[in-house]
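K.L.:
Same order as they appear, the protein sequences are chains A and B.
Residue numbers are given in my numbering: position 9 of the first sequence equals residue 9, and the series is strictly consecutive.
To convert a position in the second sequence, counted from 1, into my numbering, add 1000.
The beta carbon of each residue, even a glycine, is placed where N, CA and C say it ideally should be.
A quick note: this is a predicted structure, and the numbers were derived from the prediction, not measured.
Here you go, one structure.
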Amino acid sequence: MDLPGRWIARIAAVAVLLGGAPAAAATIRLSCGAVGRELEMCRTAAQAWAAKTGNAIEVVATPNDASERLALYEQMLASRSDRIDVFQVDVVWPGMLGSHFIDLRPYAKGAEAGMFRDFVASDTKDGRLVAMPWFINTGLLFYRKDLLAKYGAPVPATWEALAATARRVQDGERAAGNPRMWGWVWQGRAYEGLTCNALEWIASRGGGAIVASDGRVTVDNPAARAALADAAGWVGRISPEAVLNYAEEESRGVFQAGNAVFLRNWPYAWSLAQADRSAIRGKVGVAALPHGPAGQSAATLGGESLAVSRYSRHPALAADLVMFMTGPEVQKRRAVEASFNPSLLALYKDPEIVAANPFMGELAPLFEHALARPTVVTGARYNQVSNEFWNTAHDVLAGRATAPEALPELAATLRRVSRGERWGR
Amino acid sequence: MTAAARGGWAAQRRRQAWRLLAPLGVLLAAVAGWPLARTLWFSLTDMQLADPAAARFVGLANYVGPYGLLGDPSWWRAVGVTLAFAAVSVTLETVLGLAVALLLDTPSRLRTVLRACVLVPWAIPTVVSARMWSWMLHDQFGVVNHVLQRLHLASGPIAWTADPTLSLLCVVAVDVWKTTPFMALLILAALQTVPRECVESARVDGVRPWAILRHVTLPLIAPAILVAVVLRLLDALRVFDLIYVMTSNGRSTRTMSVFVREQLIDFQQTGYGSAAATVLFLVIALGTVALLRALHGPGSRR
C-alpha cells in the first residue's frame, strides 16, 4: 500500500520548484472560498490591497467541499509547499493546521482584542495567534412570521414549544391544502453540519460540548441523552425522514419553497430568503435557537479566518494583506454588500450594516456568546472526534440505536481516540 | 571446452543476468520497496501529518496494546464491511460471469460483437462509472428514482447512496455491474480450452445439457474459475474508489482502504494509518502468496 496523498504533495512540490514564479515582484497567493459571492468579494478586496501597496495578487482556486479543501491544505502544508501564502481556514482547522502557520500577534498589534473572544481562542494554538478571524457564522432559528401570526403562536423559546408549534402549524397547513408542509427542517446528514446541530441541542440543555476544556469526555450525560432522544422523535413527525440526508442547502430549499415553518441555518440564509424572487420574501423572522428546561440558547460558532503559511516567501507582506482583509474597512463592505457577519464586535453597532442586515443588530449578543466546538482541547484530533460524534448522532436519529446505548459507546471511543483523555499532550 | 572455461562462461552469464536485472531491481526498490519500507517505519511511530518532525518511535503500540489497531472496534467493523463486500460481490460476479460466459460460448455470428459490448463496463475507469452511477442513484435528480416513481414502485425519492442500509448494496451492485465482464471473459477463455469431444461424446451418450455442465464442463474449468475468484477477492479486499466516490463518510461502507485513507488524510494520523495500511498490505500479500502456492504447488493440475 503506498500513500497517494503524500506523493501527490511531493509531485506538487516538485512542480512548484520547476515552474515557480520569479521572486522579484512580490506576488501574494491567497486561497478564498467560492460559495456564493465569496470569491468575488475576496478578489476585489485583495486587489484593493495590491493596488495600495504595489504588489500583485493571485487568487488560487481550491475545492468548494470543506473536507476536500482541508485534505488539500494538509498535503500542501505537510510538504512545505509555498504555493499558497495566505490560507482561508475554517474555525475548526487551526487546531489541526496551526503548526504550519506563523504567529500573527506581532502584525495584529492588538487588533484581535476587538474580535469575538471565542473565535480568537479557536484561532490560537499553543499561545500563538495562528489565524485572524474574518467572518463568523452561528446557528440561527429562521421562522415564518406570517404562519406564526396566523396560528397566534409566539416564537418558541424552548425545544418543547418549538415541537408543539411546529406540529400545530404543520397539521393546520396540511389540512388547509399544502400536503408538503413540514414543521421543522435542519441539517441531519452525517457530516460536520450535524455536529453543529447536535451540539446546539445538547449544549442548550446544559449538556456541555462533547469534551470539557480540561480534556474530560463529557458527552455521555442525561442532558445529552434527552437531547438526542428528543431529536430522534422529530424525524418523521415534524421533520421529513429525508432530513437525515439534508445539508444546509437542502434544508434551506424546503424552507425557501414555503414548505417549512422553522429552519435552523447559518446567517447566509437571510439574504437569500429576502431575495427578489424568493417565495417567502418578507415573511421570515430570525431568532435565537430554543433551549431546554435547564439551559440557555446555544448557537454553534462557525466562520472563517485567514492564516499565513510558515513556508511563504513573503510572510510579512502576506501578514499585511491579512490585516487589511480582516480590518474594519473590508469587513464593513463585506457585511453591507454580501451579509458576511463581521468578526469585529464594534461593527455590529454600525448603522449601515444594521440597516442592511437588521438581525445583525438584534442578535449581536447571540453572536458574542456563540458556542465553540471543542477544537482547542482536541487539537489535531478534532476531526476524528467530530466524525465519531456525528456518526453516533446519525445512528440515533435514524433509529439504529437509542441514545442510552449509543452515548456510552461514543464516550468509550472518544477516550480511546484521546489516548485516555490526554489528547496528545 | 575445458571444465574451467565452462565454469567461467557460466559465471559470466550469471553476471550478465544480474546486470540486466539490476535496472528493474532498482526501479522496483524505488517505486515499491521504498514507499513500503517508509510506511512500515511510520507505522512504528506516533507521527501526525500536522507535525511529522515531532514523531517518536512507539514500537508496536499502533498494532497491539490499549490503543492499537487490533483492539480498535472501528477497524474490525471496517474488516467486517470489507469481507461482506468481497464475499457478496465476488459470488455474484462469479455466478453472473459464468452465465454470461456460457451464453457467449455458444457459436454465433454475433459472438465477437457481443464480446466487445460486454466489456464496456469494465473498460470505463472506475471513478467515471462511480460518478455516473451516483448521479443515476441521486435522490433528487436520479433517473433510477424517476423511473421507480413513474412505475409507482416507490412512493418518494429513495436516498440510495446516503441511506446506511442501502449504500453498501448500491456499491456491491455497481461493482457487480462493472466486474462481471471481467469474470465472464476469464471464464470464457477457460471454456474455450474445454475439448469439444468431451462435450460431444457426452451428448451422444444422451446426457442432459444441465448434467453435461455439472459433470463435464464445470470440473474442467474449475481451476480457472478458482484463479479468477482469488484474483477478484484480492482486488475486492482493496476496494476504495467506488466507495470513496459514491457514498458519504458513513460507517456502513467504511472498508479497510477507506479506513486507512480516513486515518491518514482526514484524521492526519500518519502513524496509526500506516499501521492499518501495513496490515491491509499483509492481508493482500499473504493472499497472493497462498494463491501462488496453490497454482504452482504439487497439488496443482497444471
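Output the boundary residues of the alpha helix (DSSP H) element that contains tryptophan 201 of chain A.
P.N.:
Taking the first residue of the first sequence as position 1, residue 201 of chain A is located at position 201. Segment 192-203, the alpha helix (DSSP H) holding tryptophan 201 of chain A.
K.L.:
Just checking my contact of leucine 141 of chain A with proline 342 of chain A at CB under 8 Å: how many whole Å lie between their CB atoms?
P.N.:
Working through the first sequence from its first residue, we reach residue 141 of chain A at position 141. Working through the first sequence from its first residue, we reach residue 342 of chain A at position 342. About 21 Å separates the two Cβ atoms, so there is no contact after all.
K.L.:
By a C-beta neighbour count over all protein chains shown, 10 Å radius and 16 as the cutoff for buried, is serine 1043 of chain B buried or exposed?
P.N.:
If you number the second sequence from 1, residue 1043 of chain B lands on position 43. Result: buried.
K.L.:
Figure out for me which residue from A/Ala319, A/Tyr191 and A/Val354 has the closest Cα to the Cα of arginine 333 of chain A.
P.N.:
On the first sequence, residue 333 of chain A is found 333 positions in, with the first residue counted as 1. Closest by alpha carbon: A/Val354.
K.L.:
Would you mind sorting alanine 1010 of chain B into buried or exposed? The rule is 16 or more other CB atoms within 10 Å of its CB.
P.N.:
For the purposes of this step, residue 1010 of chain B is taken as residue 10 along the second sequence, with counting starting at 1. Alanine 1010 of chain B comes out exposed.
K.L.:
Since tryptophan 184 of chain A sits in a beta bridge, which residues does DSSP pair it with?
P.N.:
For the purposes of this step, residue 184 of chain A is taken as the residue at position 184 of the first sequence. Looking at the DSSP assignment, tryptophan 184 of chain A forms a beta bridge with A/Phe262.
K.L.:
Taking its Cβ as the centre, do 16 or more other Cβ atoms sit within 10 Å of threonine 1135 of chain B, making it buried, or is it exposed?
P.N.:
One-based indexing of the second sequence puts residue 1135 of chain B at position 135. What sits at residue 1135 of chain B in the sequence shown is tryptophan, not threonine. Exposed, since its Cβ has fewer than 16 Cβ neighbours within 10 Å.
K.L.:
Name the two residues that bound the continuous alpha helix (DSSP H) containing asparagine 1145 of chain B.
P.N.:
As a first step, residue 1145 of chain B must be located in the second sequence, where it is residue number 145. Where asparagine 1145 of chain B is concerned, the enclosing alpha helix (DSSP H) stretches over 1143-1150.
K.L.:
Quick test of the definition: if touching needs 3 or more C-beta pairs under 8 Å, does the region 1034-1054 of chain B touch the region 1264-1272 of chain B?
P.N.:
yes
K.L.:
Hey, which unbroken runs of the beta strand (DSSP E) at 3 residues or more fall wholly within the region 81-149 of chain A?
P.N.:
86-90, 132-138 and 140-144
K.L.:
Threshold first: 4 residues or longer. Then list the alpha helix (DSSP H) segments lying entirely within the region 1017-1059 of chain B, N to C.
P.N.:
1034-1042
K.L.:
Quick one: is alanine 1211 of chain B near chain A, going by C-beta distance under 7 Å?
P.N.:
As a working mapping, residue 1211 of chain B is identified with position 211 in the second sequence. No - not a single Cβ of chain A is within 7 Å of the one on alanine 1211 of chain B.
K.L.:
For alanine 372 of chain A, collect the residues of the same chain with a Cβ closer than 6 Å to its Cβ; drop the 5 residues on either side in sequence, then sort them by chain order.
P.N.:
Here residue 372 of chain A corresponds to residue number 372 of the first sequence, with the count starting at 1. For alanine 372 of chain A, where only same-chain residues beyond five positions count, the Cβ hits under 6 Å are Asp118, Ser122 and Leu301.
K.L.:
Using only alpha-carbon positions, find the residue among B/His1296, B/Ala1294 and B/Met1256 that is nearest to leucine 1282 of chain B.
P.N.:
Here the question's residue 1282 of chain B lines up with position 282 in the second sequence. Here the closest residue by C-alpha is B/Met1256.
K.L.:
Since phenylalanine 101 of chain A and alanine 131 of chain A are thought to touch, with beta carbons under 8 Å apart, how far apart are those beta carbons, to the nearest angstrom?
P.N.:
As a first step, residue 101 of chain A is located in the first sequence; it is residue number 101 there, counting from the start. As a first step, residue 131 of chain A is located in the first sequence; it is residue number 131 there, counting from the start. With 8 Å as the limit, phenylalanine 101 of chain A and alanine 131 of chain A qualify as a contact, their Cβ atoms being about 6 Å apart.
K.L.:
Taking the CB atoms as reference points, tell me whether alanine 1162 of chain B and alanine 1190 of chain B lie closer together than 7 Å.
P.N.:
Start at 1 with the first residue of the second sequence, and residue 1162 of chain B comes out as number 162. Start at 1 with the first residue of the second sequence, and residue 1190 of chain B comes out as number 190. Against a cut-off of 7 Å, the Cβ pair of alanine 1190 of chain B and alanine 1162 of chain B comes out as no contact.
K.L.:
Would you call histidine 394 of chain A buried or exposed, if buried means 16 or more other Cβ atoms sit within 10 Å of its Cβ?
P.N.:
For the purposes of this step, residue 394 of chain A is identified with residue 394 of the first sequence, where counting begins at 1. So histidine 394 of chain A counts as buried.
K.L.:
Taking its Cβ as the centre, do 16 or more other Cβ atoms sit within 10 Å of isoleucine 84 of chain A, making it buried, or is it exposed?
P.N.:
The residue labelled residue 84 of chain A in the question sits at position 84 within the first sequence. Label assigned to isoleucine 84 of chain A: buried.
K.L.:
DSSP three-state label for proline 342 of chain A, please.
P.N.:
Taking the first residue of the first sequence as 1, we reach residue 342 of chain A at position 342. In this structure, proline 342 of chain A counts as strand in the three-state DSSP scheme.
K.L.:
Just the C-alpha distance for valine 1172 of chain B and asparagine 178 of chain A, rounded to the nearest angstrom, thanks.
P.N.:
Taking the first residue of the second sequence as position 1, residue 1172 of chain B is located at position 172. Taking the first residue of the first sequence as position 1, residue 178 of chain A is located at position 178. The C-alpha of valine 1172 of chain B lies about 39 Å from the C-alpha of asparagine 178 of chain A.
K.L.:
Does DSSP put serine 451 of chain A in a helix, in a strand, or in coil?
P.N.:
An answer regarding residue 451 of chain A cannot be provided, because it is not within the stretch 1 to 425 covered by chain A.
K.L.:
Does the distance from the CB of serine 305 of chain A to the CB of proline 133 of chain A come in under 7 Å?
P.N.:
For the purposes of this step, residue 305 of chain A is identified with residue 305 of the first sequence, where counting begins at 1. For the purposes of this step, residue 133 of chain A is identified with residue 133 of the first sequence, where counting begins at 1. In contact: serine 305 of chain A and proline 133 of chain A (Cβ atoms closer than 7 Å).
K.L.:
Leucine 1234 of chain B: which of B/Ala1086, B/Trp1122 and B/Leu1104 sits nearest, CA to CA?
P.N.:
Counted from its first residue, the second sequence places residue 1234 of chain B at position 234. For leucine 1234 of chain B, the nearest C-alpha among the options comes from B/Ala1086.
K.L.:
The beta strand (DSSP E) with arginine 252 of chain A in it runs from where to where?
P.N.:
Here residue 252 of chain A corresponds to residue number 252 of the first sequence, with the count starting at 1. The continuous stretches of beta strand (DSSP E) do not include arginine 252 of chain A, which lies in the alpha helix (DSSP H) extending over residues 248-256.
K.L.:
Under the rule that 16 or more other beta-carbon atoms within 10 Å means buried, what is lysine 1178 of chain B, buried or exposed?
P.N.:
Translated into the one-based positions of the second sequence, residue 1178 of chain B becomes position 178. Label assigned to lysine 1178 of chain B: buried.
K.L.:
In three-state DSSP terms, what is isoleucine 1225 of chain B?
P.N.:
By one-based count along the second sequence, residue 1225 of chain B stands at place 225. Of the three classes helix, strand and coil, the one that applies to isoleucine 1225 of chain B here is helix, per DSSP.
K.L.:
Under 6 Å Cβ to Cβ from threonine 218 of chain A, same chain only, skipping five residues before and after it: list those, please.
P.N.:
For the purposes of this step, residue 218 of chain A is taken as residue 218 along the first sequence, with counting starting at 1. Gly208 and Ala212, listed in sequence order.
K.L.:
Starting from serine 67 of chain A, trace the alpha helix (DSSP H) in both directions and tell me its first and last residue.
P.N.:
Taking the first sequence and counting its residues from 1, the one referred to as residue 67 of chain A is at position 67. Per DSSP, serine 67 of chain A belongs to the alpha helix (DSSP H) from 66-78.
K.L.:
State yes or no: is the C-beta of valine 308 of chain A within less than 7 Å of the C-beta of alanine 318 of chain A?
P.N.:
Translated into positions along the first sequence, residue 308 of chain A becomes position 308. Translated into positions along the first sequence, residue 318 of chain A becomes position 318. Against a cut-off of 7 Å, the Cβ pair of alanine 318 of chain A and valine 308 of chain A comes out as a contact.
K.L.:
Drop a sphere of 10 angstroms on the beta-carbon of proline 22 of chain A, count the other beta-carbons inside from all chains shown, and report buried for 16 or more, exposed for fewer.
P.N.:
Taking the first sequence and counting its residues from 1, one reaches residue 22 of chain A at position 22. With a pLDDT of only 38 at proline 22 of chain A, under the threshold of 50, the placement of this residue in the model should not be trusted; the figure read from the coordinates follows. Label assigned to proline 22 of chain A: exposed.
K.L.:
Nearest-angstrom Cα distance between isoleucine 1187 of chain B and isoleucine 1221 of chain B?
P.N.:
Looking up residue 1187 of chain B in the second sequence gives position 187. Looking up residue 1221 of chain B in the second sequence gives position 221. The straight-line gap from Cα to Cα measures roughly 8 Å.
K.L.:
Does DSSP classify arginine 29 of chain A as helix, strand or coil?
P.N.:
Taking the first residue of the first sequence as 1, we reach residue 29 of chain A at position 29. In this structure, arginine 29 of chain A counts as strand in the three-state DSSP scheme.
K.L.:
Report yes if the C-beta distance between threonine 1094 of chain B and leucine 1168 of chain B is below 7 Å; otherwise report no.
P.N.:
On the second sequence, position 94 is the one that residue 1094 of chain B refers to. On the second sequence, position 168 is the one that residue 1168 of chain B refers to. No; because the gap between Cβ atoms is not below 7 Å, this pair is not in contact.
K.L.:
Output, in sequence order along the chain, the residues in the region 1267-1291 of chain B whose CB is closer than 7 Å to any CB in chain A.
P.N.:
Phe1267, Gln1268, Ala1277, Leu1280 and Phe1281
K.L.:
Look up serine 1252 of chain B in the DSSP assignment and say whether it is helix, strand or coil.
P.N.:
Here residue 1252 of chain B corresponds to residue number 252 of the second sequence, with the count starting at 1. Coil, per DSSP.
K.L.:
Starting from leucine 306 of chain A and walking both ways along the beta strand (DSSP E), at which residues does that stretch end?
P.N.:
Along the first sequence, one-based indexing puts residue 306 of chain A at 306. Here the beta strand (DSSP E) through leucine 306 of chain A covers 301-308.
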